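In the numbering used here, the protein residues as written are 903 to 1155. A virtual CB, placed ideally from N, CA and C, is assigned to each residue, including glycine. It should be emphasised that the depicted structure is a prediction, and the values quoted were computed from it without experimental measurement.
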């Protein structure tokens, strides 16, 4: 009698996820950390083990977080990166800031990249990746990009807003295929000047940068859309998370 031996399932790497922060709510005197469920669901579906990382301004705490995770996911939110972070001053069209969140995410991202740990930036997380790598931002697309289309969709965000062109030979193309990909769109800022060693891996038809990556790292990818919201409507989007989780699995533990 032959006994069939089943291998162990692939190890789930620990993925640190940055939450948003709400200073107050009408029903409570306390501040809240907030995270949209689809972020964690996408990490789980792609084979990772999600952990939410509360903010700290202590570098020792940031290092302790990085000691315990194998990949960093920096999420989006309804706030802007302070222009001083990329050597500019505020212009008309700037939105609200969340300075403690940006400072924490910047420290985490710099630390992760220093360790060559896989990093995935979603929407505002992509913008932060470009800034951390030495680039700048359009502070408001409508005011600064001639002929720009609408990038803050009003309809269901599980549905696409516009196509992007995924460049051949990129990490993103390996994850979702090259050519046209339909994506959602929920942002008013975008990458402007790319940082050194930063490659544009997708653009929208109006020329707005929709994805970036840096070949000097094992995996440093940012996408301007929210693939986690479209896993069921445009399923190829889960490839972004699967590529990230696979690199995290290879990174450590």
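Is the Cβ-Cβ distance between residue 1067 and residue 1082 less than 8 Å? yes
Alpha carbon of residue 1139 to alpha carbon of residue 1146, nearest angstrom: Residue 1139 and residue 1146 have their C-alpha atoms spaced approximately 12 Å apart.
Rank 949, 960, 977 and 970 by C-alpha distance to the C-alpha of residue 938 and give the top, closest one. 977
Go ahead and pull the three-state DSSP assignment for residue 983. Looking at residue 983 - three-state DSSP - the assignment turns out to be coil, as it is neither helix nor strand.
Rounded to whole angstroms, what's the CA-CA distance from residue 997 to residue 982? Just pull it up for me. 6 Å
Reduced DSSP secondary structure (H/G/I, E/B, other) of residue 1109: coil
Would you call residue 903 buried or exposed, if buried means 16 or more other Cβ atoms sit within 10 Å of its Cβ? The pLDDT assigned to residue 903 is 46, lower than 50, so where the model puts this residue is not dependable; a value taken from the coordinates is nonetheless given after this. Its Cβ having fewer than 16 others within 10 Å, residue 903 is exposed.
Taking the beta strand (DSSP E) that residue 1121 falls in, what are its first and last residues? It is not in any beta strand (DSSP E) - residue 1121 carries neither H nor E in the DSSP assignment.
Assuming contact is defined by CB atoms lying nearer than 8 Å, are residue 1108 and residue 1051 in contact in what I supplied? yes
Cβ neighbour criterion (16 or more within 10 Å) applied to residue 1034: buried
Roughly how many angstroms lie between the CA atoms of residue 928 and residue 936, to the nearest whole one? 15 Å
With respect to the beta strand (DSSP E) encompassing residue 923, which residues constitute its N-terminal and C-terminal limits? Taken as a continuous stretch (DSSP letters only), the beta strand (DSSP E) holding residue 923 covers 922-924.
So, helix, strand or coil for residue 1093, using DSSP? strand
Using three-state DSSP, classify residue 941 as helix, strand or coil. helix
Mapping the DSSP letters down to three states, classify residue 966 as helix, strand or coil. helix
Which value, in whole angstroms, describes the spacing of the CA atoms of residue 907 and residue 1064? With a pLDDT of 48 at residue 907, under the threshold of 50, the predicted position of this residue should be treated as unreliable, though the coordinate-derived value follows. Roughly 47 Å between the two C-alpha positions.
Please classify residue 1000: is it buried, with 16 or more other beta-carbons within 10 angstroms of its beta-carbon, or exposed? buried
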